[in-house]
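Participant:
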Amino acid sequence: MNRSLLILAALLLSAGMSACSPLGKPPADNLYQRLGGEQGIEALVYDLLVEIAADERIVERFRDVNIPRFRQGLESYICSISGGPCEYSGESMQVVHAGHGYTDVEFNALVDDLIRAMEKRQLPVATQNRLLALLAPSYRDIVYQ
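This is the structure in C-alpha cells:
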C-alpha cells in the first residue's frame, strides 16, 4: 500500500473514531439532543397529552388508556428512536395497537396533535420533520390492526 493511501486510511479511521460518542452518550447534534434530551421529550409528551385531551376527534380513544403507562412508554420510545440513551422495552407497536381498528383520520389527528405540541415547544421545523420521519413507519403497525 502506498504512503498516501495509508495516510488517507489513518485520517478516515481517526475521523470515524472521533465521531463516536464516549461512554454511550449521544452526540451533541443528534435528534435526542435537539428535542431537549430527557426533559425535552418528557415536556413534549406532556404537551401531546394536553393536545389529545382537547382533540374531540380522538379523545374518546384515550378514555380507557392507562395514561401514566402510555406516557412512560411514548417517552421511552421517542428517546430510543431519536438516538438517546434509552432502550424501549415495551411491546411492539403492532402488538399494542392490535384489534383497536384505528383509522387514517385518527392517526392523522394524533399527528396533528404532535405537530402542535412540537410547535408549542418551539422545535425547529427540521427537528419536527426528523421525528415525524422516524415515527412514520409505525403507521402500518397502528392503523387498521
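Counted the way our numbering counts, the sequence shown spans residues 22 to 166.
All C-beta atoms, glycine included, are put in the ideal place defined by N, C-alpha and C.
Using DSSP with H/G/I as helix, E/B as strand and the rest coil, what is Y109?
Facilitator: As a first step, residue 109 must be located in the sequence shown, where it is residue number 88. In the structure shown, Y109 sits in coil (DSSP, three-state: anything other than H, G, I, E or B).
Participant: If I'm right that L65 touches M139 with Cβ under 8 Å, what's the distance once you round it to whole angstroms?
Facilitator: As a working note, residue 65 is residue 44 in the sequence shown. As a working note, residue 139 is residue 118 in the sequence shown. So it is a contact: roughly 7 Å between Cβ atoms.
Participant: Would you report the Cα separation of A49 and E59, rounded to the nearest angstrom?
Facilitator: To locate residue 49, count along the sequence shown from 1; it is residue 28. To locate residue 59, count along the sequence shown from 1; it is residue 38. Note on A49: pLDDT 49, under 50, position unreliable in the model; the coordinate value appears next. Roughly 13 Å separates the two Cα atoms.
Participant: Please list the terminal residues of the continuous alpha helix (DSSP H) segment that includes H118.
Facilitator: Taking the first residue of the sequence shown as position 1, residue 118 is located at position 97. Looking at the DSSP string, the run of the alpha helix (DSSP H) that includes H118 is M114 to H118.
Participant: With a CB to CB cut of under 8 Å and the five nearest residues on each side skipped, what residues in its chain are close to T148?
Facilitator: As a first step, residue 148 must be located in the sequence shown, where it is residue number 127. L52, R55, L56 and M139.
Participant: Buried or exposed: M22, going by 16 or more other Cβ atoms within 10 Å of its Cβ?
Facilitator: Residue numbering aside, residue 22 sits at position 1 when the sequence shown is read from its first letter. At M22, the pLDDT of 46 sits below 50, so the modelled position is not reliable and the matter cannot be decided from this model.
Participant: Leaving out five residues on either side along the sequence, give the residues of the same chain with a beta carbon under 7 Å from the beta carbon of Y109.
Facilitator: As a first step, residue 109 must be located in the sequence shown, where it is residue number 88. The answer, listed in chain order, is S97, Y98 and S101.
Participant: In chain order, what residues of the same chain have a beta carbon less than 8 Å from the beta carbon of F128, not counting five sequence neighbours either side?
Facilitator: To locate residue 128, count along the sequence shown from 1; it is residue 107. Closer than 8 Å at the Cβ level, and outside the excluded window around F128, lie Y160, I163 and V164.
Participant: Can you tell which of C107, A119 and D134 has its C-alpha closest to the C-alpha of E77?
Facilitator: As a first step, residue 77 must be located in the sequence shown, where it is residue number 56. Closest option to E77, Cα to Cα, is D134.
Participant: Identify the residues that DSSP records as bridge partners of V164: which are they?
Facilitator: Numbered from its first residue, the sequence shown carries residue 164 at position 143. DSSP lists Y123 as partners of V164.
Participant: Would you mind stating whether L131 and I79 have Cβ atoms separated by less than 8 Å?
Facilitator: Here residue 131 refers to the residue found at position 110 when the sequence shown is read from its first residue. Here residue 79 refers to the residue found at position 58 when the sequence shown is read from its first residue. It is a contact, given that the beta carbons lie within the stated cut-off.
Participant: Which stretch, first to last residue, makes up the alpha helix (DSSP H) that contains S97?
Facilitator: Here residue 97 corresponds to residue number 76 of the sequence shown, with the count starting at 1. I88 to I102 is the span of the alpha helix (DSSP H), which, as asked, contains S97.
Participant: Grab the span of the alpha helix (DSSP H) containing L156 for me, first residue to last.
Facilitator: Counting from 1 along the sequence shown, the entry for residue 156 is found at position 135. Residues V146 to L156.
Participant: Roughly how many angstroms lie between the CA atoms of L70 and Q93, to the nearest whole one?
Facilitator: One-based indexing of the sequence shown puts residue 70 at position 49. One-based indexing of the sequence shown puts residue 93 at position 72. Those two C-alpha atoms are separated by around 12 Å.
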